Amino acid sequence: MMLCLPSGFKLDPSSTGYKAEVHAVGVEAEKRALEFLAAQGSQAAAVDSVVKAMRALHKAGQLDSLVAQFREIYFEGDIIDPTPHSALPAFMRFT
């Protein structure tokens, strides 16, 4: 779902409002991911169906533009995420 955040996000675990920030980013990512899927003709709403739909779109190459956009904003420093790289999907591990 991080792919659907075109302006990036910055999360700092030492911030006093970290949990609220994570929640806000998650809510925004969920909203945008569901909008993206709806635009692709998917009615997915539950987690499993969203993951399945996103995998199918990735296999079909329909996420390529989102991945490229994500890479660009990642390297511009507009994404700061404390998630360990090992927890990210392989196509999102850049370093």
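Going by the working numbering, the residue at position 49 of the sequence shown is 31; the numbering climbs one at a time, nothing skipped.
Yeah, the Cβ is synthetic: ideal placement off N, Cα and C, and Gly gets one too.
None of these values were measured; they are calculated from a predicted model.
Collapsed DSSP secondary structure at residue i in the structure displayed
i	result
F120	In this structure the chain extends from -17 to 77, so residue 120 is not present and cannot be described.
Straight-line gap, residue i to residue j (C-alpha atoms, nearest Å)
i	j	result
Q51	Q25	24 Å
P(-5)	A11	19 Å
A20	Q44	13 Å
R75	L39	19 Å
F18	V9	14 Å
R14	S(-3)	25 Å
A72	A27	24 Å
I62	V7	12 Å
H67	Q22	28 Å
A69	M36	17 Å
Residue range of the alpha helix (DSSP H) that includes residue i
i	result
G43	Careful: G43 lies outside any alpha helix (DSSP H) and carries neither H nor E.
L19	0 to 21
Supposed contact pair residue j and residue i - C-beta distance, whole angstroms, cut 8 Å
i	j	result
L48	L(-15)	4 Å
G(-10)	D60	3 Å
Could you say if the segment -3 to 4 and the segment 23 to 36 meet the contact criterion of at least three C-beta pairs nearer than 8 Å? Fewer than three Cβ pairs drawn from the segment -3 to 4 and the segment 23 to 36 lie within less than 8 Å of each other, which leaves the two stretches out of contact.
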